[in-house]
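Read the structure below first, then the notes.
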Amino acid sequence: MDFGPFLLLASLEGLVQAAVLSLTALGLCLTFGVMRVVNVSHGEFYMLGAVIAWWAASILGPKYALSGYLIALFLAPCIVGLLALASERFVLRSLNYEPEATIVATIGILYIIQQTVLMSFGPDAKPVNPPFYFRIDFPWFGYSGYKLFVIGAAIVVLSGTWYVLARTRVGLIMRATQLDRDMAQAFGIPIKRVYAYVFAAGAMYAALAAVLIVPIRQAHYLMGADPLLMSFIVVIIGGLGSVRGAIVAAVLIGMSDGIISMFFSPTLAKMVSTLLVALVLVFRPQGLFGVKTS
Amino acid sequence: MTDVTNKLPNSGRRSAIKKVGALAVGAAASPFIPALSGYAFGSDAPIKIGMQAHRTGIGASYGRWYERVATATTKLINEEGGINGRPVELIVEDDGTDPKRGAEVIEKFATLHKVDVAYGTLFSHVVIGSSPRAGELKLPYFVVSEGHHVASGKLNRYVFQPGITDVKSQVISMAPWVSQNLGKKVTMIYPDFAFGHDHRDYFSAAMKQQGGEVLELIAIPPTESSFTRYLPRIPRQTEVLYHVMVGPGVLTFVKEMGQFFGSSRPEIFGFIDSLEAVDFATPQLEFLDGTHFWEAHPRYAQQNQSEFDRFYRERVGVDENGASIDDPGDISTYSHMFGCWETLFILKQAMEASGYKSSTPADKQALIEAVESMEKFEHGRNHPQGSKVFNGKIHQSFGHQHISRVENSRLNVVHTTSIEDGMYEPEGDYTQMPL
Amino acid sequence: MKTHRKLVSLYLHAAVILGLFLAQFFLPDYLYLAVTRVMILSVFAIAYNILFGYTGLLSLGHAMFFSVGLYTAGLTVYHLEWSAAEAFVSSIGVGLIFSILLGAVALRTSGVAFMIVTLMFSQVFYLGTLYFTTYTRGDEGLVLSEGARQFTFLFASFDLSDPSVRYVVAWLLLSLSIIFCYVIARSRLGRALVAIRENETRTQMLGYNTFMLKLVAVIISGTLSSISGAAYVLLFAYAGSSFATIQYSIDALLYTLLGGAGTVLGPVLGAFLMFFMIDITSEYTSAYLLIAGIILVFLVMYFPRGILGEVRHRWLQWLP
Numbered sequence: 000m001d002f003g004p005f006l007l008l009a010s011l012e013g014l015v016q017a018a019v020l021s022l023t024a025l026g027l028c029l030t031f032g033v034m035r036v037v038n039v040s041h042g043e044f045y046m047l048g049a050v051i052a053w054w055a056a057s058i059l060g061p062k063y064a065l066s067g068y069l070i071a072l073f074l075a076p077c078i079v080g081l082l083a084l085a086s087e088r089f090v091l092r093s094l095n096y097e098p099e100a101t102i103v104a105t106i107g108i109l110y111i112i113q114q115t116v117l118m119s120f121g122p123d124a125k126p127v128n129p130p131f132y133f134r135i136d137f138p139w140f141g142y143s144g145y146k147l148f149v150i151g152a153a154i155v156v157l158s159g160t161w162y163v164l165a166r167t168r169v170g171l172i173m174r175a176t177q178l179d180r181d182m183a184q185a186f187g188i189p190i191k192r193v194y195a196y197v198f199a200a201g202a203m204y205a206a207l208a209a210v211l212i213v214p215i216r217q218a219h220y221l222m223g224a225d226p227l228l229m230s231f232i233v234v235i236i237g238g239l240g241s242v243r244g245a246i247v248a249a250v251l252i253g254m255s256d257g258i259i260s261m262f263f264s265p266t267l268a269k270m271v272s273t274l275l276v277a278l279v280l281v282f283r284p285q286g287l288f289g290v291k292t293s
Numbered sequence: 000m001t002d003v004t005n006k007l008p009n010s011g012r013r014s015a016i017k018k019v020g021a022l023a024v025g026a027a028a029s030p031f032i033p034a035l036s037g038y039a040f041g042s043d044a045p046i047k048i049g050m051q052a053h054r055t056g057i058g059a060s061y062g063r064w065y066e067r068v069a070t071a072t073t074k075l076i077n078e079e080g081g082i083n084g085r086p087v088e089l090i091v092e093d094d095g096t097d098p099k100r101g102a103e104v105i106e107k108f109a110t111l112h113k114v115d116v117a118y119g120t121l122f123s124h125v126v127i128g129s130s131p132r133a134g135e136l137k138l139p140y141f142v143v144s145e146g147h148h149v150a151s152g153k154l155n156r157y158v159f160q161p162g163i164t165d166v167k168s169q170v171i172s173m174a175p176w177v178s179q180n181l182g183k184k185v186t187m188i189y190p191d192f193a194f195g196h197d198h199r200d201y202f203s204a205a206m207k208q209q210g211g212e213v214l215e216l217i218a219i220p221p222t223e224s225s226f227t228r229y230l231p232r233i234p235r236q237t238e239v240l241y242h243v244m245v246g247p248g249v250l251t252f253v254k255e256m257g258q259f260f261g262s263s264r265p266e267i268f269g270f271i272d273s274l275e276a277v278d279f280a281t282p283q284l285e286f287l288d289g290t291h292f293w294e295a296h297p298r299y300a301q302q303n304q305s306e307f308d309r310f311y312r313e314r315v316g317v318d319e320n321g322a323s324i325d326d327p328g329d330i331s332t333y334s335h336m337f338g339c340w341e342t343l344f345i346l347k348q349a350m351e352a353s354g355y356k357s358s359t360p361a362d363k364q365a366l367i368e369a370v371e372s373m374e375k376f377e378h379g380r381n382h383p384q385g386s387k388v389f390n391g392k393i394h395q396s397f398g399h400q401h402i403s404r405v406e407n408s409r410l411n412v413v414h415t416t417s418i419e420d421g422m423y424e425p426e427g428d429y430t431q432m433p434l
Numbered sequence: 000m001k002t003h004r005k006l007v008s009l010y011l012h013a014a015v016i017l018g019l020f021l022a023q024f025f026l027p028d029y030l031y032l033a034v035t036r037v038m039i040l041s042v043f044a045i046a047y048n049i050l051f052g053y054t055g056l057l058s059l060g061h062a063m064f065f066s067v068g069l070y071t072a073g074l075t076v077y078h079l080e081w082s083a084a085e086a087f088v089s090s091i092g093v094g095l096i097f098s099i100l101l102g103a104v105a106l107r108t109s110g111v112a113f114m115i116v117t118l119m120f121s122q123v124f125y126l127g128t129l130y131f132t133t134y135t136r137g138d139e140g141l142v143l144s145e146g147a148r149q150f151t152f153l154f155a156s157f158d159l160s161d162p163s164v165r166y167v168v169a170w171l172l173l174s175l176s177i178i179f180c181y182v183i184a185r186s187r188l189g190r191a192l193v194a195i196r197e198n199e200t201r202t203q204m205l206g207y208n209t210f211m212l213k214l215v216a217v218i219i220s221g222t223l224s225s226i227s228g229a230a231y232v233l234l235f236a237y238a239g240s241s242f243a244t245i246q247y248s249i250d251a252l253l254y255t256l257l258g259g260a261g262t263v264l265g266p267v268l269g270a271f272l273m274f275f276m277i278d279i280t281s282e283y284t285s286a287y288l289l290i291a292g293i294i295l296v297f298l299v300m301y302f303p304r305g306i307l308g309e310v311r312h313r314w315l316q317w318l319p
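Chains as they are written, first to last, in numbering that gives the first Met the number 0: chain H, 0 to 293; chain A, 0 to 434; chain L, 0 to 319.
Here's what the structure looks like:
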């Protein structure tokens with residue numbers, strides 16, 4: 000294929016990747032930014048979102064693919080959010096959000112979710128029909144119209160998030176908590192409740208991203224590992240806890256991942272990019288775009 | 000060679016006890032002496048087969064079907080009087096699709112469960128990780144993996160793969176038909192690890208022999224979950240696209256291939272691994288109509304279906320579309336799992352030929368020599384996939400392969416290879432190794 | 000009084016070592032083989048504990064150190080036909096170099112960043128084992144022949160595929176590791192490491208070069224991990240990339256947490272308990288990971304000190 004169309008395809012694929020990645024990473028970034036908690040079970044919340052989408056779709060059958068999809072779009076974040084709320088309330092809170100303890104605990108939660116899904120949902124990868132399907136024919140290759148919808152949906156959600164964070168009282172409270180927990184408490188902000196909601200919201204973003212992507216991929220009980228690692232990378236490059244940085248990083252990484260692997264051996268490309276990320280964290284701990292937050 | 004249980008120091012101590020005549024005391028004190036357990040239970044004691052099952056981990060969707068077939072086969076063998084008049088007991092342990100755990104399970108089979116043979120492993124790394132332990136513990140180990148590891152001569156005398164053809168043979172046998180009917184300029188897409196590399200190396204070589212050429216090799220990293228961006232690397236002059244993919248991302252891969260090509264696709268030839276356990280009637284797979292797949296055992300019952308295949312489906316609980324009878328959406332791993340069925344019958348045949356009585360070193364050696372002396376398995380109820388030639392030197396079977404065309408979301412066989420198509424020069428000789 | 004307690008603690012550790020030696024005469028066949036394996040895993044856990052338990056640095060990349068040893072020994076034997084002893088020694092050297100390099104880079108970070116950096120490096124190594132499939136056979140891995148695992152020492156020849164030799168070798172390695180860790184815990188170095196764990200800034204102000212101390216901890220921990228990896232491949236004859244996955248880093252963490260971080264015998268106890276818990280539960284259910292998950296959450300919530308850590312906290316303050 001000629002270079003032009005090649006690049007166009009790579010960019011489209013990169014945007015889809017970036018869309019999903021930015022939503023997933025945004026969740027991880029919020030919990031890290033506000034609570035200083037690394038949630039290792041984030042990928043499993045993502046996986047649960049996909050499994051719930053499959054579940055809704057398979058109950059309603061292919062005839063009601065669109066309704067099933069809409070229901071999943073609403074239900075998956077809600078269920079996952081409640082689950083996250085529960086694990087925050089009963090586990091993280093009693094650990095007092097100590098970084099190392101929470102990492103270990105969320106590894107435990109990861110196993111629990113994964114194994115429960117294996118036992119109930121089974122080991123097979125299961126497809127979910129897209130709510131609509133049409134193929135856009137470029138002169139050189141074809142492309143799924145649903146993928147463009149995913150990009151659009153992510154932009155809408157991200158804009159909404161930006162509005163909430165930048166222009167509303169909720170955003171103000173979150174930023175205050177992020178900047179100085181004790182000071183915020185002194186000003187009467189209910190820290191505990193903020194933490195609980197932030198943790199739930201973080202998980203909900205992951206679930207939402209999964210519902211968007213599952214018609215393109217499939218639901219599988221081990222699908223959480225890759226988004227977790229990628230989200231980590233994005234959050235680091237973006238500057239730990241910086242929302243704007245995370246989104247920029249998601250786009251950058253999503254796009255470059257697609258383009259780099261066209262020129263190099265893809266496995267080598269993955270090695271190099273992982274190594275680079277580690278070095279960024281070592282030599283520029285505030286991230287590539289990060290401003291020092293605290 | 001000495002029995003390994005004698006190499007275990009405690010057993011040595013026990014055999015000393017035995018020598019001074021305290022046989023009954025020894026038997027009462029320890030259930031861990033294999034030589035005695037045969038006498039203790041008499042001839043009704045079951046023959047124990049330890050099955051390494053992938054119940055968890057990446058292999059779980061295959062593992063579930065392997066276990067199902069093994070259970071059905073064991074039931075059938077027991078209904079017909081067992082092996083040498085003794086019932087067969089299947090002892091299943093999860094190996095987590097992990098080579099370290101696999102080796103531990105082998106140790107457990109050999110020394111705790113005291114099985115007669117270990118059996119049933121699919122994933123290559125579990126086979127390879129387990130095989131040194133099986134060899135050292137002198138436990139005959141019958142795998143159903145389709146990997147080239149056994150035939151490569153790199154494992155040991157105790158490891159066999161008699162029930163399924165290895166990947167090298169499968170791949171080689173495809174090249175003549177592909178080059179004559181689909182095209183000579185091939186692009187290959189395969190996973191970037193050992194299994195994919197076997198496809199790359201053996202198919203490229205076989206294609207060259209047929210006067211074809213491989214234009215481009217596209218290796219996909221194992222952690223990948225989306226594939227579209229690799230597809231532009233397919234050169235325009237490609238006549239045949241050869242694909243093989245494994246793992247949970249396979250359906251995504253095939254779907255994205257469909258979106259990419261639309262109606263102007265090259266000929267596509269795939270290994271069924273790319274869609275094993277996936278329903279062909281899934282939306283967006285319509286583009287596969289007219290493409291070809293390798294199958295070891297045709298998933299959809301064919302016009303000329305043998306009575307053996309019919310019987311096998313019935314016993315395993317699979318309908319004529321290769322799906323579970325209880326749930327038509329639950330597709331089996333039809334091109335692999337027949338190996339579990341056939342291997343158990345081969346085991347029965349070999350145990351009966353060698354007069355296997357108990358897990359003594361002598362009986363195990365006789366069993367191994369009996370398997371090694373086998374040459375041919377005839378198509379029949381015990382071998383529903385078809386007849387096979389067995390090479391005792393490399394412990395590997397060679398069978399017929401099928402090429403099927405997708406028509407109206409089902410696979411119809413268009414070509415069946417001869418066994419000779421898949422033959423290659425043996426790379427080793429296990430029979431030269433000490434027992 | 001103080002010397003008395005010191006003696007008791009000395010006797011306790013000696014008794015464990017002696018007990019493991021004597022156990023070989025009594026253990027039934029299966030346990031005999033399983034204990035051999037767990038002793039090697041215990042060495043890995045002890046290595047992990049030196050960094051995590053004593054120094055307070057949580058690494059999620061120790062699978063890399065383990066597999067550096069695994070692959071150095073495995074590949075030199077497999078491709079270069081080195082003897083088991085040569086391969087073992089070379090893996091110590093390579094493990095040492097790896098630990099120095101990684102430590103020097105990763106220790107520029109701390110806390111959460113340290114975990115993630117070690118995780119990333121480990122992931123690069125894992126991908127590397129796949130990328131160089133030509134030599135490593137990647138995920139499939141490779142098998143060492145029985146002949147390659149025989150070596151002569153002081154004119155006597157040993158066969159590592161012989162279970163009794165294997166038991167003694169594993170026991171020897173574990174004993175040396177326990178003694179080594181015991182000595183470190185009692186030494187000035189050990190106390191300085193604990194001081195860093197408790198309060199790094201204060202330790203720094205007391206005039207210690209904490210960076211160097213932490214580097215020493217990484218080097219000891221990494222090299223010992225490599226040793227356990229090398230021992231694993233030489234004893235059990237298989238090397239594959241699955242050992243480099245994050246799962247094995249988490250296993251080491253799990254052993255240490257369960258047994259008691261910052262105690263000499265804790266990781267050993269943790270490795271034994273965890274191994275047999277999974278071994279036994281997997282006979283009844285395939286949900287053993289669920290149980291592992293519940294144990295992790297339970298431990299970190301109610302017994303953050305682990306079993307021996309809790310014992311020390313409540314009764315035996317003198318336990319090293």
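Think of the CB as a built atom: it goes at the ideal place given N, C-alpha and C, for glycine as much as any other residue.
Worksheet item: Given a threshold of 16 other Cβ atoms within 10 Å of its Cβ, counted over all protein chains shown, does residue 303(A) qualify as buried or as exposed?
Response: exposed
Discussion item. Can you give me the C-alpha to C-alpha distance between residue 41(A) and residue 290(L), rounded to a whole angstrom?
Written reply: Because the pLDDT of residue 41(A) is 46, which lies under 50, any placement of that residue in the model is unreliable, and the question is left without a value.
Practice prompt. Reducing DSSP to helix, strand and coil, say where residue 115(A) ends up.
Written response: coil
Practice prompt. Express the C-alpha separation of residue 254(A) and residue 329(A) in angstroms, rounding to a whole number.
Written response: 19 Å
Practice prompt. Decide if residue 245(L) is buried, meaning its Cβ has at least 16 other Cβ atoms within 10 Å, or exposed.
Written response: Burial is judged here by how many other beta carbons sit within 10 angstroms of a residue's own beta carbon; residue 245(L) has at least 16 and is buried.
Worksheet item: Of all the options 397(A), 361(A), 392(A), which has the alpha carbon lying nearest to the alpha carbon of residue 375(A)?
Response: Nearest option by C-alpha distance: 397(A).
Worksheet entry | Cβ-based burial, residue 53(L) [other Cβ within 10 Å; buried from 16] | buried
Practice prompt. Note down the Cα distance separating residue 123(A) from residue 139(L), rounded to an integer number of angstroms.
Written response: 6 Å
Practice prompt. Kindly give me the distance between the Cβ atoms of residue 276(H) and residue 235(H), rounded to whole angstroms, as I take these residues to be in contact under 8 Å.
Written response: That pair is a contact at about 6 Å.
Worksheet item: What separation, rounded to the nearest whole angstrom, lies between the Cα atoms of residue 155(H) and residue 40(H)?
Response: 26 Å
Worksheet item: Tell me which same chain residues have a C-beta within less than 8 Å of the C-beta of residue 181(A), skipping the five on either side of it?
Response: 238, 239, 266, 268, 291
Item to complete: With DSSP collapsed to three states, give me the class of residue 136(H).
Response: In the structure shown, residue 136(H) sits in a strand (DSSP, three-state: E or B).
Worksheet entry | Listed by chain order, chain A residues near residue 222(H) by CB distance under 8 Å | 224, 247
Item to complete: Can you grab the Cα-Cα spacing for the pair residue 76(H) / residue 201(H), in whole Å?
Response: Near 10 Å, if we compare the C-alpha coordinates of residue 201(H) and residue 76(H).
Discussion item. Counting only Cβ-Cβ distances shorter than 9 Å, please list the residues of the segment 265-278 of chain A near chain H, keeping chain order.
Written reply: Listed by position, the residues of the segment 265-278 of chain A near chain H (Cβ gap below 9 Å) are 276, 277, 278.
Fill in: Spatial neighbours of residue 256(L) in its chain, beta-carbon cut-off 6 Å, leaving aside the 5 residues before and after
298, 305
Worksheet item: Counting only beta-carbon atoms, is residue 128(A) nearer than 7 Å to chain L?
Response: yes
Discussion item. Taking contact to mean 3 or more Cβ pairs, one atom from each stretch, closer than 8 Å, check whether the segment 1-10 of chain H and the segment 205-212 of chain H are in contact.
Written reply: Contact between the segment 1-10 of chain H and the segment 205-212 of chain H is absent, because fewer than three Cβ pairs lie under 8 Å.
Worksheet item: What residue from 127(A), 323(A), 407(A) has the CA that sits closest to residue 282(A)'s CA?
Response: 407(A)
Discussion item. Give the list of continuous beta strand (DSSP E) stretches no shorter than 3 residues that lie fully inside the segment 150-219 of chain L.
Written reply: Taken in chain order, the complete beta strand (DSSP E) segments of 3 or more residues contained in the segment 150-219 of chain L are 155-158.
Worksheet item: Just the Cα atoms here: how many angstroms apart are residue 238(L) and residue 190(A)?
Response: One alpha carbon belongs to residue 238(L), the other to residue 190(A), and they sit about 20 Å apart.
Worksheet item: How close, in whole Å, do the beta carbons of residue 49(L) and residue 160(L) come, if the pair is a contact with beta carbons under 8 Å?
Response: Not really, about 31 Å apart at Cβ, beyond 8 Å.
Item to complete: Give me whichever residues DSSP pairs with residue 292(A) in a beta bridge.
Response: DSSP lists 269(A), 403(A) as the beta-bridge partner residues of residue 292(A).
Worksheet item: If residue 177(L) and residue 3(L) are in contact, beta carbons under 8 Å, what's the gap, nearest whole angstrom?
Response: Actually they do not touch by this definition, with Cβ atoms about 21 Å apart.
Fill in: Contact set between residue 320(L) and chain A, taken where Cβ atoms lie within less than 8 Å
With chain L represented from 0 up to 319, any question about residue 320(L) goes unanswered, as that position is not in the structure.
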